[in-house]
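See structure below.
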Amino acid sequence: MTAPFIDVDERLDTIPGTDFSLIQKIDGTAFSIDTLLLANFVQFTPEMLNAADLGSGSGILAFLLKYRNAALQITGFELQRDFYELSNRNLELNKQFEGLFFESMDIRDIPARILPESYDLVVSNPPYFQLGNGRLPANPARAQARHELNGTVFNFVEAASYMLPYGGRFCVVIPTSRHDEICSYMVGCKFGIKRKEFIIPKEGEEPHLVMLEGEKFFGGEFEEMAPITIHKKDNSFSDELQILFSAGLKKYS
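In terms of our numbering, the sequence shown is residues 61 to 313.
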């Protein structure tokens, strides 16, 4: 295989729990554990044929879903041009992933540019922080990825609702501080919460993130899964994470 071009602000990372590598930026915008956990959180069904990743960045979440479910057609939507180009370079690097595409698009423009109810699964790791909440990173790319500079969490939920039909699934990870907020958005956009899993940063601490699965027009009781812990008290990875890294992401067949 021809060695990929890697710029001075990039590195080639082997993705934990997989057998493939992606080019990542080293400026603070590389993928983090929450993306890996969200990819593992997704539950596939035989009816899922088309998936979308809103705010796909370098493409990591879309690649992870494709790795888990090779039959799934996946499109990543990304506004930042540098990330869009990087995701396509990663696609050139990983030609084994057929049926994986990236579009340069603002998620707020989705209703004007794609057909409604055209996806079965939508996933997203949206900006965590509201504009004006917290210190804005000096790096513009990181600022846009982490703060609501180009679309709010509500915009992401609204886009997912537009893209999904009855029974379609939306999986998202968000800080626990915004749990009630995003749940209200999801209910307002016709999602019923089906599953919920909290993420604990370190043994003995409170959860800082939560993963949610909403189903369009779902009206049943939701399942609250056992929380997953990232680090032990000695800062080593928890047993759950070590199993994920060694056994790998759960493949769907």
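Backbone N, C-alpha and C define an ideal beta-carbon position, used for all residues, glycine too.
Remember, predicted model here, so these are calculated numbers, not experimental data.
Report the three-state DSSP secondary structure of residue i (helix, strand or coil).
i	result
asparagine 110	strand
glutamate 266	coil
isoleucine 75	coil
methionine 223	helix
serine 184	strand
lysine 126	helix
proline 287	coil
isoleucine 120	helix
phenylalanine 157	coil
proline 176	coil
asparagine 295	coil
Label residue i either buried or exposed according to how many other C-beta atoms from any shown protein chain fall within 10 Å of its C-beta, with 16 as the threshold for buried.
i	result
serine 184	buried
threonine 105	exposed
tyrosine 226	exposed
proline 4	In the structure as shown, the chain starts at 61 and stops at 313, and residue 4 therefore has no counterpart that could be examined.
lysine 85	buried
phenylalanine 65	exposed
glutamate 218	buried
leucine 304	buried
threonine 135	buried
arginine 173	exposed
leucine 132	buried
How many whole angstroms separate the CB atoms of residue i and residue j, which I take to be in contact at a CB cut-off of 8 Å?
i	j	result
phenylalanine 137	glutamate 163	5 Å
tyrosine 179	alanine 286	At roughly 29 Å, the Cβ-Cβ gap does not stay under 8 Å, so tyrosine 179 and alanine 286 are not in contact.
cysteine 231	glutamate 273	5 Å
glutamate 257	phenylalanine 101	6 Å
lysine 126	leucine 181	Their Cβ separation, rounded to whole angstroms, is 12 Å, which puts lysine 126 and leucine 181 out of contact at 8 Å.
alanine 99	leucine 309	6 Å
leucine 97	proline 76	So it is not a contact: roughly 11 Å between Cβ atoms.
asparagine 129	leucine 82	With 8 Å as the limit, asparagine 129 and leucine 82 do not qualify as a contact, their Cβ atoms being about 18 Å apart.
Who does residue i pair with in a DSSP beta bridge?
i	result
glycine 136	Asp113 and Phe162
glycine 252	Glu275
phenylalanine 230	Val182 and Gly274
leucine 82	Asp73
glutamate 257	Met271
Would you say the beta carbon of residue i is closer than 7 Å to some non-hydrogen atom of the ligand ZN?
i	result
serine 178	Inclusion of the ligand ZN in the displayed structure is not the case, the ligand content being empty and no account of it being possible.
Alpha carbon to alpha carbon, what distance is there between residue j and residue i?
i	j	result
valine 233	valine 68	31 Å
phenylalanine 297	serine 306	12 Å
aspartate 294	glycine 279	42 Å
glutamate 145	phenylalanine 157	17 Å
serine 92	leucine 175	32 Å
glutamate 266	aspartate 94	16 Å
isoleucine 167	methionine 271	20 Å
phenylalanine 277	alanine 220	13 Å
methionine 223	glutamate 70	33 Å
isoleucine 288	lysine 262	10 Å
glycine 248	phenylalanine 214	10 Å
isoleucine 120	glutamate 300	21 Å
serine 237	phenylalanine 251	20 Å
glutamate 281	leucine 109	26 Å
glycine 115	cysteine 243	19 Å
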